[in-house]
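Everything in the sequence shown is counted per numbering that gives the first Met the number 0, starting at 0 for the first residue and increasing by one.
Below is one structure, written out as structure tokens, with a few remarks after it.
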Amino acid sequence: MRIEIWSDVVCPWCYVGKRRLESALAGFEHADDVEVVYRSFELDPSAPRHGEELSTGVLARKYGRSEDEMRDMQQQLIELAAQDGLDFKLFETVHTNTVDAHRVLHLALETGGALQRDLKEALLAAYFTHARNVGDHDVLTEVAVATGLDETRVREVLAGTDYAEAVAADIAQARAYGATGVPFFVVDRRYGVSGAQPAAVFSQLLEQAWSESHPALQTVGGDAEACGPDGCAI
């Protein structure tokens, strides 16, 4: 079974949704046979590269709120995320472009699926629990190398445009699926789930998708005469 997850590394609900899916997978009998792949989605393609402005003010303007109102909303999310074991530093995060982070994630995917999953976790943690600027090339390089990527190759990717087309293709596919926000989960290209659903919803999805892709044999007619491993009783 393959689960593709469209998300952004500066999306708090993507981190919460990731944790909830992982909780569901922890109790799923066939978890070892599930492949998780992360797909690119940019919440704000117009965000500045190496942004420095705190996210609170940017979000307040975007949604027509005062900064105090936005901080109250962020505090509610901080408390909710804590229920899933996440320690968000939302008041300290900066508004920054994420296309380069997605390009490095595609490099990691090409290198190995497990490496991409490790890098995704590391980038989310860097942004949300350590309030690091994941649009900064030095930060991206440090996190990627610590995860296991080759430093020279990472710097080559960041200095050019490698994987830009792959990022654009992911975003186009999300639109084709009708996804207008993230996280967006697609199982075996047959089932789609939008948002950071409760772990119980993901558990139900996993069981349904597995049973439909691995149907149990239905027998009819009951027992009748047959030969077995010891021969035929005639």
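Cβ atoms here follow ideal geometry from the backbone N, Cα and C, with glycine treated the same way.
Bridge pairing for Trp5: Arg38 and Phe183 [DSSP]. Under the three-pair Cβ rule at 8 Å, the segment 102–122 does not count as touching the segment 65–82.
By the beta-carbon neighbour count (other beta carbons within 10 angstroms, threshold 16), His213 is exposed.
Relative to the Cα of Val166, the nearest Cα in the group Arg60, His105 and Glu206 belongs to His105. DSSP, reduced to helix, strand and coil, places Leu53 within a strand of the structure shown. Judged by DSSP in its simplified three-state form, Gly177 adopts coil rather than helix or strand. Contact between the segment 43–52 and the segment 85–92 is not established, with fewer than three Cβ pairs separated by less than 8 Å. Looking at the DSSP output, Val192 sits in a beta bridge with Phe184. Along the length of the segment 76–118, whole alpha helix (DSSP H) runs at least 4 residues long occupy 98–110, reported in chain order.
Val98 and Glu155 have their C-alpha atoms some 15 Å from each other.
Taking one beta carbon from each stretch, the segment 194–211 and the segment 23–30 have 3 or more pairs nearer than 8 Å; the two touch. At a cut-off of 4 residues, the continuous stretches assigned as alpha helix (DSSP H) that sit fully inside the segment 123–152 are 136–146.
Judged by beta-carbon spacing, Leu58 lies beyond the 7 Å limit of Cys10, meaning their Cβ atoms are not closer than that value. In the structure shown, Met72 adopts helical secondary structure according to DSSP, grouped into three states.
Lys61 counts as exposed, since fewer than 16 other C-beta atoms from the protein chains shown sit within 10 angstroms of its C-beta. Annotated as proximal: Phe127 and Phe87, with beta-carbon spacing under 7 Å. The continuous stretches of alpha helix (DSSP H) do not include Ala46, and DSSP gives it neither H nor E.
By the beta-carbon neighbour count (other beta carbons within 10 angstroms, threshold 16), Thr95 is buried. The continuous alpha helix (DSSP H) containing Ala208 extends over residues Ala198 to Ser212.
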